[in-house]
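*Asks:* Residue 4 is where the sequence shown starts when you use the working numbering, and the numbers rise one by one after that.
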Amino acid sequence: MKKRMIPGTDPEGSALIAVLMMMLALFFLSSIVMDTTSSYLNQWVTPQVRTSRALYVAEGGAHVALQWLRDSYGLPRNSSCSPSPCFSSTTAGQIVYNNQPVVLSASTDPDLNHPDSYTDMEGTVRSGVIAGFQSNLTNQSLGSGTFNVEATLLGTNPQRWRIASNGTVSSVSKTVTVQTRQNPFNPPYALVTGGDLAIGGNSKVQGSCGNAHSNANLSVGNSITVAGTATSTGSCSGCSGHPDWGGGRPKAKIPAVIPSDFQQYAIYELRSDGKIYYGQASATPGVEITSGPLKDQWSYSSATEVWKLSGNTAADGAFYAEGKIEVSGSPGDATTPWQATLIATGDIKISGSPRLTQYTQNLLMVAGQDLTISGDPQTDPVGGVMAAKNQLKISGNPQLNGFVFSKSAEISSVTIGNPTITYNCQLGSNPFPGDLAMVSWMEN
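Laid out in structure tokens, this is it:
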């Protein structure tokens with residue numbers, strides 16, 4: 004039977020219209036939601052993203068600044084600036100230059116205050132220091148933003164800095180403030196040289212840090228023993244067969260050896276006029292010693308500029324010599340070792356059979372030229388630092404505890420005979436400067 008339709012009505016059309024009306028309503032509703040969401044993103048999410056990015060940029064700037072200070076900066080010697088001194092300290096301990104805080108920053112910063120040209124503590128002539136800082140650390144692009152750094156010197160011994168790095172992304176800025184401190188030089192090596200190194204004979208390098216490294220070329224013999232690794236920046240002859248040994252490794256950072264930096268620790272000064280004086284660390288610095296056992300124990304040759312100790316008895320102390328030091332006697336024994344720190348502007352030569360323990364600052368020997376150790380000397384188990392500006396020559400049967408290093412990149416060093424160098428990474432603080440390290444971190 005055919006269904007009758009009421010004139011003017013169409014159920015299917017009405018349903019279609021209803022669906023269209025609902026779709027239109029949903030469209031308008033979704034537009035409102037999208038507008039609200041977009042507003043929310045613009046008002047909260049996007050600024051938060053920019054803030055996070057600005058913080059990342061600021062952190063990156065702080066790390067770049069730390070690396071620049073490590074690799075491209077050197078503290079000036081006070082006598083190398085005009086006016087002199089470069090830096091001084093106020094009664095409150097503030098480091099100043101021209102009576103103002105020492106600051107490296109942008110050229111537009113009124114706090115900028117640092118000498119631009121000088122000779123640094125290692126004897127390197129530096130010029131354009133301010134421009135070098137600014138070209139690396141002011142208005143520098145990183146990711147989607149830029150950073151600007153201001154570095155304020157807080158101390159010189161040890162070197163300490165406050166680094167303020169400001170990162171900006173799309174007008175949003177964050178600042179990271181870092182404090183750094185220079186750690187003492189405690190390398191992961193028992194033996195490390197700036198120049199070529201040859202380890203031969205029956206040499207032994209042992210201990211938990213029993214590693215050897217040359218910043219140039221290394222040659223090792225067949226009868227040596229190295230507990231850890233034997234590595235070099237250049238070639239490594241004789242290293243095959245040891246998977247952890249070899250050349251092509253990064254250079255080790257080795258501090259300068261400047262004996263005058265350690266004169267402050269001397270109890271006695273052996274001067275080039277052939278006289279002995281009380282040193283800077285004594286109760287009466289600068290006073291000549293005219294009598295007593297020191298006058299009998301030490302002798303001076305003006306022809307060779309050598310201070311000699313040839314007997315088996317020696318007064319304890321830290322000795323600073325203008326010229327060379329030679330110890331050919333055998334002072335000290337296993338029960339009562341000779342407590343000595345030997346510092347010389349020239350060579351230090353140790354032979355005989357002395358039994359040594361460091362007197363101060365974990366320093367055993369600091370030679371402004373060559374360090375030669377032969378015979379049968381021994382140091383106590385804790386040991387100390389043995390350093391040469393130029394060449395190391397170790398032979399005979401010495402038993403050395405601590406670490407041994409030479410700075411010069413032009414001069415070869417050698418160990419032969421039956422020496423044993425033992426280093427367990429146990430030495431504490433010493434005056435040789437190591438790397439700058441971050442000691443505090445604050446975001447604002």
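Just so you know, even glycine gets a beta-carbon here, dropped at the ideal spot from N, CA and C.
1. When the Cα atoms are used, what is the spatial distance from Gln402 to Thr423?
2. Starting from Asp299, follow the alpha helix (DSSP H) in both directions and report where the run begins and ends.
3. Give me whichever residues DSSP pairs with Arg129 in a beta bridge.
4. Tell me the DSSP secondary structure of Phe90 in three-state form.
5. Please report the distance separating the alpha-carbon of Thr149 from that of Gln185.
6. Pull up the DSSP beta-bridge partners for Trp444, would you.
7. Excluding five sequence neighbours on each side, which residues of the same chain lie with their C-beta closer than 6 Å to the C-beta of Val48?
8. For Leu44, which residues in the same chain have their Cβ closer than 7 Å to its Cβ, ignoring the five residues on either side in sequence?
9. State the Cα-Cα distance for the pair Asn151 and Ser75, rounded to the nearest angstrom.
10. In the DSSP assignment, find the beta strand (DSSP E) that holds Glu329 and state where it starts and stops.
11. Where Thr232 and Leu140 are concerned, what is the direct C-alpha to C-alpha distance, given to the nearest angstrom?
12. Can you grab the Cα-Cα spacing for the pair Ser302 / Val407, in whole Å?
13. Rounded to a whole number of angstroms, what is the C-alpha to C-alpha distance between Asp199 and Trp164?
14. Residues in the same chain with beta-carbon distance under 6 Å from Gly213, minus the five sequence neighbours each way, listed in chain order, please.
15. Okay, do the stretch 161 to 181 and the stretch 87 to 95 touch, 3+ Cβ pairs below 8 Å being the bar?
16. Is it right to say Glu413 is buried, meaning 16 or more other beta carbons lie within 10 angstroms of its own, or is it exposed?
17. Assess contact between the stretch 257 to 271 and the stretch 239 to 246, defined as three or more Cβ pairs (one per stretch) separated by less than 8 Å. Is contact present?
18. Out of curiosity, what's the CA-to-CA distance linking Thr236 and Ile257?
19. Compare the Cα-Cα distances from Arg80 to each of Tyr100, Leu439, Ala61 and Met124 and report the closest residue.
20. Within the same chain, show all residues whose beta-carbon is closer than 6 Å to that of Asp119, passing over the 5 residues directly before and after it, in chain order.
21. For Leu374 and Ser168, I'd like the C-alpha separation in whole angstroms.
22. So is Thr360 buried or exposed if we call it buried at 16+ other beta carbons inside 10 Å?
23. For Pro334, count neighbouring Cβ atoms within 10 angstroms of its own Cβ and tell me buried if that reaches 16, exposed if not.
24. Based on the DSSP secondary-structure assignment, which residues constitute the bridge partners of Ala343?
25. Looking only at DSSP bridge pairs, what is Asn151 linked to?
26. Measuring only the C-alpha atoms, how far is Ser416 from Pro296?
27. Beta-carbon within less than 6 Å of Asn421's beta-carbon, same chain only, minus the 5 sequence neighbours each way: which residues are those?
28. Can you find the residues in the same chain that come closer than 6 Å, C-beta to C-beta, to Thr180, ignoring five residues on each side of it along the sequence?
29. Can you tell me the Cα-Cα spacing of Lys410 and Leu78, whole angstroms?
30. Note the first and the last residue of the continuous beta strand (DSSP E) segment covering Ala95.
31. How should Ala286 be labelled, buried or exposed, when 16 other C-beta atoms within 10 angstroms of its C-beta is the threshold for buried?
32. Go to Leu145, then tell me how far its beta strand (DSSP E) extends in each direction, as first and last residue.
33. What three-state label does DSSP hand Val60 in the structure shown?
34. DSSP three-state call for Asp247: helix, strand or coil?
35. What residue range is occupied by the uninterrupted beta strand (DSSP E) comprising Gln429?
*Replies:* By the coordinates alone:
1. 5 Å
2. Pro296 to Gln300
3. Arg129 is bridged to Tyr121.
4. Coil.
5. 28 Å
6. BP columns for Trp444 point to Val181.
7. Because the pLDDT of Val48 is 46, which lies under 50, any placement of that residue in the model is unreliable, and the question is left without a value.
8. Here the model assigns Leu44 a pLDDT of 49, short of 50, so the residue's position is not dependable, and the following value carries that caveat. Once the five neighbours on either side are set aside, Leu44 has no close Cβ partner at all.
9. 18 Å
10. First-last of the beta strand (DSSP E) with Glu329: Lys327 to Val330.
11. 37 Å
12. 27 Å
13. 35 Å
14. Ala193, Ala230 and Gly231
15. The stretch 161 to 181, when compared against the stretch 87 to 95, does not touch it at the 8 Å Cβ threshold.
16. Exposed: under 16 other Cβ atoms inside 10 Å.
17. no
18. 13 Å
19. Met124
20. Val132 and Ile133
21. 44 Å
22. buried
23. buried
24. Beta-bridge pairing links Ala343 to Gly320.
25. Partner(s): Asn169.
26. 36 Å
27. The residues are Asn205 and Asn400.
28. Taken in chain order, the residues that qualify are Ala167 and Met445.
29. 18 Å
30. Bounds of any beta strand (DSSP E) do not take in Ala95, whose DSSP letter is neither H nor E.
31. exposed
32. Gln143 to Leu145
33. helix
34. Under the three-state reduction of DSSP output, Asp247 falls in the coil class, being neither helix nor strand.
35. Where Gln429 is concerned, there is no enclosing beta strand (DSSP E), because DSSP gives it neither an H nor an E.
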